[in-house]
Amino acid sequence: MLVNSFARCSTRCSARCSVRRLSTVSNSLFTSFFFHNSQWLPSKSYPSPRGSFQAQVPPPLSAFRKVEVLTPRRLLKVYAQLSKSRLTVLVVLTAMSGVALSPLPTTIPILLSTAVGTALCSASANTLNQIQEVPFDAQMARTRSRPLVRRAISPLHAAGFALATGIAGPGLLLTMVNPTVAALGAANIALYAGLYTWMKRRSIYNTWVGSVVGALPPLMGWTACGGKLFPSASYPIEYFLPPILSSTPQLPINVALVDNPLAPLALSILLFSWQFPHFNSLSYIVRESYAQAGYHMLSVLSPAKNALVSLRHTLLLTATCSVLIPLSGLTTWTFALVSFIPNAICVRAAWRFWRRGGEKEAKVVWHHSLWYLPVMLGLMMLHKQGMDWLKWLGLHSQKEESTETKSPSVDLS
Numbered sequence: 002m003l004v005n006s007f008a009r010c011s012t013r014c015s016a017r018c019s020v021r022r023l024s025t026v027s028n029s030l031f032t033s034f035f036f037h038n039s040q041w042l043p044s045k046s047y048p049s050p051r052g053s054f055q056a057q058v059p060p061p062l063s064a065f066r067k068v069e070v071l072t073p074r075r076l077l078k079v080y081a082q083l084s085k086s087r088l089t090v091l092v093v094l095t096a097m098s099g100v101a102l103s104p105l106p107t108t109i110p111i112l113l114s115t116a117v118g119t120a121l122c123s124a125s126a127n128t129l130n131q132i133q134e135v136p137f138d139a140q141m142a143r144t145r146s147r148p149l150v151r152r153a154i155s156p157l158h159a160a161g162f163a164l165a166t167g168i169a170g171p172g173l174l175l176t177m178v179n180p181t182v183a184a185l186g187a188a189n190i191a192l193y194a195g196l197y198t199w200m201k202r203r204s205i206y207n208t209w210v211g212s213v214v215g216a217l218p219p220l221m222g223w224t225a226c227g228g229k230l231f232p233s234a235s236y237p238i239e240y241f242l243p244p245i246l247s248s249t250p251q252l253p254i255n256v257a258l259v260d261n262p263l264a265p266l267a268l269s270i271l272l273f274s275w276q277f278p279h280f281n282s283l284s285y286i287v288r289e290s291y292a293q294a295g296y297h298m299l300s301v302l303s304p305a306k307n308a309l310v311s312l313r314h315t316l317l318l319t320a321t322c323s324v325l326i327p328l329s330g331l332t333t334w335t336f337a338l339v340s341f342i343p344n345a346i347c348v349r350a351a352w353r354f355w356r357r358g359g360e361k362e363a364k365v366v367w368h369h370s371l372w373y374l375p376v377m378l379g380l381m382m383l384h385k386q387g388m389d390w391l392k393w394l395g396l397h398s399q400k401e402e403s404t405e406t407k408s409p410s411v412d413l414s
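30 is the number that our numbering gives to position 29 of the sequence shown; each next residue is one higher, with no gaps.
This is the structure in structure tokens:
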């Protein structure tokens, strides 16, 4: 009894002394928690207490090693990592593709506001995603270097950054562009940071939800220029179908492109389907890490079906480029011809990935997906409906003048 009482008293005294020591630096601890994390990382040389004392007696301050203080330059770098800068740049570029392919003109303020607002929405969604996945990112080699995992920034600071960008992004789109674009930006944050992140550890269909998130940015660019997403009573869908499928007389091409719901649908399908060969091949390469972290991925549960889904959507990409995109009026039918070779290359790689399997074939599919999207968007711009590149480059008038000077004059007298 005396021994137990003495042990309890010594434990309480040690805990009180530790609390007093910590209370003397409470201000610095709060500052460290919000701005940097000098008190987070325990030293490897200090042995962790075991038994009942582990929960009752905190280690002394000397047991924690300091990390580098976040200077403004390092803080910007951490913000870029929280935002997944490469992914954010891709999201902004796909949104700009909707602007570039729209037949309606735009202004510099709307263009810049759409780009910045989309980037802020993407930064918020990615940061919220990382805040929720810190314990699981720490288990995968691919994500162990993320800021929250290595404790380069505190969760409170990251949450503040996510909140600020999550408010600023839709707010900028609402005030400078239009409510539709702002709603799509807010939906992007909610789907990615909410439903997609929640489903990653519960259902293989998280990839489908993530693909919907990736299909929203081109719609944001399209609607930023004033384009319509759905058919209206004034312009029903029959107006935009080819004569074989509809008896309704078609509208002039400049009106049909503005209100044609097939145009944003084609862009969305292109971005939606592209993500399956891209992500399914990547998830197959790192499937062991996903399994270790407990993620429900098709590449872990059914590798054969994972490759089959990649092949299906690669074929859907081919059909979209060959039929739906020219049919929507976004491009001329020449695009269907020039896009056939890139699509054939990707279909061949996806077929071999399905038939043979293995990381080698998965890497081929993944590498093809990296160049596929910029090539397709570039070809769509090159063969954009109603786009006269000679006139745009200022060569059309010069060509006409040269033909007029070279044409012989006829004397009728």
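In this text, a Cβ means the ideal position worked out from N, Cα and C, and glycines have one as well.
Q | Nearest candidate by alpha-carbon position, reference residue 486, set 103, 309, 343 | A | With the chain running from 2 to 414 in the structure shown, residue 486 is simply not present.
Q) Counting Cβ pairs, one atom from each stretch, are 3 or more of them under 8 Å apart for the segment 219-231 and the segment 90-106? A) Touching, yes, given that three or more Cβ pairs across the two stretches are closer than 8 Å.
Q.
Beta-carbon within less than 7 Å of residue 186's beta-carbon, same chain only, minus the 5 sequence neighbours each way: which residues are those?
A. 118, 119, 122, 170, 171, 174, 221
Q) Can you give the Cα-Cα distance for residue 87 and residue 124, rounded to whole angstroms? A) 11 Å
Q | Segment limits, alpha helix (DSSP H) that includes residue 334 | A | Residue 334 -> no alpha helix (DSSP H), and no H or E assigned at all.
Q. Does the segment 144-160 touch the segment 89-96, meaning 3 or more C-beta pairs lie closer than 8 Å?
A. no
Q) Quick one: what's got a C-beta closer than 7 Å to residue 147's C-beta in the same chain, skipping five residues either side? A) 82, 131, 138
(Q) Helix, strand or coil for residue 78? Go by DSSP, reduced to three states. (A) Of the three classes helix, strand and coil, the one that applies to residue 78 here is helix, per DSSP.
**Q.** Contact under 9 Å by Cβ, residue 318 with residue 281
**A.** No.
Q: Select from 346, 149, 363 the residue whose C-alpha is nearest the C-alpha of residue 354.
A: Minimum Cα distance to residue 354 is reached at 363.
**Q.** Terminal residues of the alpha helix (DSSP H) in which residue 349 lies
**A.** Run containing residue 349: 341-357, per the alpha helix (DSSP H) assignment.
Q.
Run through the DSSP bridge pairs and tell me what residue 306 is partnered with.
A. Its beta-bridge partners do not exist; DSSP assigns none.
Q. Would DSSP call residue 385 helix, strand or coil?
A. strand
Q. For residue 267, which three-state DSSP category applies?
A. helix
Q. How many angstroms separate the CA atom of residue 89 from the CA atom of residue 357?
A. 33 Å
Q: Please report the Cβ distance between residue 206 and residue 126, rounded to the nearest whole angstrom; I am assuming they are in contact, meaning their Cβ atoms lie under 8 Å.
A: Contact flag wrong, Cβ pair sits at about 19 Å.
Q.
Counting C-beta neighbours from all protein chains within 10 Å, is the total for residue 315 16 or more, i.e. buried, or is it exposed?
A. That one is buried.
(Q) Less than 9 Å between the C-beta atoms of residue 284 and residue 208, yes or no? (A) yes
Q) Which residues mark the beginning and the end of the alpha helix (DSSP H) in which residue 190 is found? A) Unbroken alpha helix (DSSP H) run through residue 190: 180-191.
Q.
Helix, strand or coil for residue 361? Go by DSSP, reduced to three states.
A. Residue 361 falls in the helix class under three-state DSSP.
Q) From residue 349 to residue 313, what does the alpha carbon distance come to, in whole angstroms? A) 12 Å
Q: Kindly indicate which three-state DSSP category residue 89 falls into: helix, strand or coil?
A: If DSSP states are grouped into helix, strand and coil, residue 89 belongs with the helices.
(Q) So, under 8 Å CB-CB, residue 133 and residue 176 are touching, yes? Tell me the CB distance rounded to an integer number of Å. (A) Contact flag wrong, Cβ pair sits at about 29 Å.
Q: Compare the Cα-Cα distances from residue 369 to each of 383, 385, 352, 381 and report the closest residue.
A: 352
Q | Contacts around residue 46, its chain only, beta-carbon distance under 8 Å, and the 5 residues preceding and following it disregarded | A | Low local confidence applies: a pLDDT of 42 at residue 46 is under 50, so the model's placement there is unreliable, and no value is given.
Q) Taking Cβ to Cβ, would you say residue 274 is nearer than 9 Å to residue 332? A) no
Q. Is it the case that the Cβ atoms of residue 327 and residue 336 are separated by a distance below 9 Å?
A. yes
Q: Give every residue of the same chain whose Cβ lies closer than 6 Å to the Cβ of residue 298, excluding the five residues on either side of it in the sequence, and list them in chain order.
A: 284, 291
Q: May I ask which residues mark the beginning and end of the alpha helix (DSSP H) holding residue 127?
A: Secondary structure note for residue 127: its alpha helix (DSSP H) is the uninterrupted segment 109-133.
Q) What residue does the alpha helix (DSSP H) around residue 143 start on, and which one ends it? A) Where residue 143 is concerned, there is no enclosing alpha helix (DSSP H), given that its DSSP letter is neither H nor E.
(Q) Suppose you measure from the CA of residue 43 to the CA of residue 201; what does that come to, to the nearest Å? (A) Any reading at residue 43 is ruled out, since the residue's pLDDT is 42, under 50, leaving its predicted position unreliable.
**Q.** First through last residue of the alpha helix (DSSP H) which encompasses residue 168
**A.** Where residue 168 is concerned, the enclosing alpha helix (DSSP H) starts and stops at 156-177.
Q.
Just verifying my parser: in three-state terms, what is the DSSP assignment at residue 374?
A. Residue 374: helix per DSSP, three-state reduction.
Q | residue 265 burial status per 10 Å Cβ neighbour count (16 or more: buried) | A | buried
(Q) Here's the rule I'm using: 16 or more other beta-carbon atoms within 10 Å means buried, otherwise exposed. How should residue 190 be labelled? (A) buried
Q) First and last residue of the alpha helix (DSSP H) that includes residue 221? A) 207-225
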